[in-house]
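Here the structure comes first, spelled out in structure tokens, and everything after it is commentary.
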Amino acid sequence: MHPSEKEFADLLDYYQINYLYEPRSFPLRWDGSRVVEMFTPDFYLPEYDQYFELTTMKQNLVTQKNRKLRRVREMYPEVNVQLLYRKDLMRLMGKYGFGPLSGVSVEGTERVLFDEALVQRRVRELGAQITEDYAGEEPVLIGVLRGVVVFMADLMRAVDLPVQVEFMEITHYGEERQESLDVIRDVTTDLSGRHALVVEDIADTGLTLRYLREHLQAKGPASLRVCALLDKSVRRMTNVRLDYVGFEIPDEFVIGYGLDYGGRYRNLPYIGVLQPLEPKAVAQR
Ligand code: IMP
């Protein structure tokens with residue numbers, strides 16, 4: 047019924063938490079045998095025996111809701127109901143990486159998966175892990191243009207080691223999933239005996255990474271590892287190994303933080319799910 051309810055439902059869906067929407071009304075007042083006031087909490091989580099009522103309302107309306115809630119608790123003491131204010135919901139969503147757009151709607155983004163603060167924190171963690179694992183070495187970070195530029199810029203500053211940074215560019219030919227790849231810009235550093243770390247924005251089918259691995263392995267590095275910010279593992283078609291992963295993501299098309307759709311959205315500071323085309327727009331195409 048309400049966008050906040052949709053956000054909360056998405057969060058529960060993502061974490062595979064069962065819920066029922068408005069499954070039960072609690073009568074609060076009667077006029078003879080007729081119920082004149084009742085309370086219908088928005089969500090019920092059967093596994094937790096817990097009801098949730100979301101409220102995004104103004105304070106004076108919340109006061110009335112609170113009064114109703116007190117009555118429910120008096121009349122139905124065995125029932126667990128929790129009121130979630132907008133700020134509670136925002137905190138919850140932020141904590142689980144669904145940070146809402148704090149009321150601002152951005153064209154093209156259906157919802158935020160990982161907000162800016164969360165992305166930055168995760169990239170710092172990856173940088174710290176790489177720093178520890180490569181202590182005493184001078185690794186070569188190899189990024190694949192163009193989606194990786196934002197991630198690479200942040201990651202390399204989060205690595206507290208002398209590093210070298212390289213960029214490659216590849217093209218894709220042919221039909222989707224039958225395509226072949228070709229390197230149009232290769233690394234210029236001699237990789238023989240060096241520790242190479244491929245940095246990717248997203249591992250989807252994994253075909254790009256498998257190709258890159260083979261291509262770079264032929265240059266004789268001392269080691270070759272892969273760091274992918276996002277892992278859409280449900281779509282994987284290869285068994286390419288990811289040594290460092292920022293976030294697992296569901297099978298949805300994501301944009302922002304370097305990732306594009308038709309060349310746009312790379313400059314969004316967060317990672318969001320692309321807004322699907324309106325059914326009308328699809329029909330018109
Ligand atoms: P793969 O070869 O299928 O693993 O695809 C890797 C490349 O596809 C990535 O480097 C991205 O450029 C692109 N890609 C895959 N999924 C997405 C997405 O959800 N958003 C934006 N680009 C994507």
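The numbering of the sequence shown is the working numbering, which starts it at 47 and goes up by one. Idealized CB from N, CA, C, for every residue including glycine. Here the structure is a predicted model, which is why all the values come from computation and not from measurement.
In its own chain, which residues sit with a C-beta less than 6 Å from the C-beta of residue i, not counting the 5 before and 5 after it?
i, result
"R137", "none"
"L314", "G302"
"V320", "The question names Val, but residue 320 is Leu in the sequence shown. The answer, listed in chain order, is F299, I301 and Y307."
"Y90", "L66, P69 and Y97"
"D289", "R271 and V272"
"V286", "G252, L255 and R256"
"D58", "According to the sequence displayed, residue 58 carries Leu and not Asp. Counting only Cβ-Cβ distances below 6 Å, and skipping sequence neighbours, we find Y65."
Are the beta-carbon atoms belonging to residue i and residue j less than 7 Å from one another?
i, j, result
"I248", "V229", "no"
"P267", "R240", "yes"
"F98", "Q128", "yes"
"G154", "Y311", "yes"
"E51", "L100", "yes"
"A204", "R168", "no"
"V245", "V196", "no"
Exposed or buried, what is residue i when buried is set at 16 or more other beta-carbons lying within 10 Å of its beta-carbon?
i, result
"G220", "exposed"
"R259", "buried"
"Y94", "exposed"
"R113", "exposed"
"Y67", "exposed"
"T235", "exposed"
"K278", "buried"
"P87", "buried"
"T254", "buried"
"A274", "buried"
"G309", "exposed"
"M214", "buried"
"G292", "buried"
Go to residue i, then tell me how far its beta strand (DSSP E) extends in each direction, as first and last residue.
i, result
"L305", "From DSSP, L305 is part of no beta strand (DSSP E); its letter is neither H nor E."
"F213", "Q210 to Y219"
"S50", "Segment P49 to Y60 is the alpha helix (DSSP H) holding S50; no beta strand (DSSP E) there."
"E184", "No beta strand (DSSP E) contains E184, which DSSP labels as neither H nor E."
"M84", "R80 to F85"
"F160", "T155 to F160"
"V233", "Looking at the DSSP string, V233 is not in any beta strand (DSSP E), and its letter there is neither H nor E."
"Y90", "F89 to L91"
"R75", "F72 to D77"
"A268", "Taken as a continuous stretch (DSSP letters only), A268 belongs to no beta strand (DSSP E), as it is neither H nor E."
"E99", "Q96 to T101"
Output yes if chain B places a C-beta closer than 7 Å to the C-beta of residue i; else output no.
i, result
"R167", "Checking the listed chains, one finds no chain B in this structure; it contains a single protein chain."
Between the alpha carbons of residue i and residue j, how many angstroms are there, rounded?
i, j, result
"R132", "M139", "10 Å"
"G304", "Y316", "9 Å"
"D77", "R119", "21 Å"
"R281", "E294", "12 Å"
"A185", "L243", "Looking at the sequence shown, residue 185 is not Ala but Pro. Going from the Cα of P185 to the Cα of L243 covers about 7 Å."
"A199", "E162", "15 Å"
"V108", "P49", "18 Å"
"G318", "L276", "12 Å"
"D206", "S71", "58 Å"
"D56", "M47", "13 Å"
"L172", "R157", "24 Å"
"P73", "P92", "20 Å"
"Q166", "I176", "15 Å"
"V125", "F54", "21 Å"
"R117", "Q110", "11 Å"
"D134", "H261", "49 Å"
"I63", "P322", "25 Å"
"P123", "A174", "49 Å"
What are the boundary residues of the alpha helix (DSSP H) that residue i is part of?
i, result
"E260", "L253 to Q263"
"D200", "V195 to A204"
Among the residues of its own chain, which have a CB less than 8 Å from the CB of residue i, if the five just before and after it don't count?
i, result
"E212", "V186, L187, I188, G189, V233, T234 and T235"
"V209", "E184, P185, V186, L187 and M202"
"L227", "I216, T217, H218, Y219, L253, T254 and Y257"
"S269", "H241 and A242"
"M121", "F72 and L74"
"S238", "K265, G266 and P267"
"M283", "R223, T251, G252 and L253"
"Q263", "L270"
Excluding five sequence neighbours on each side, which residues of the same chain lie with their C-beta closer than 7 Å to the C-beta of residue i?
i, result
"R75", "V82 and E83"
"Y180", "L207 and H241"
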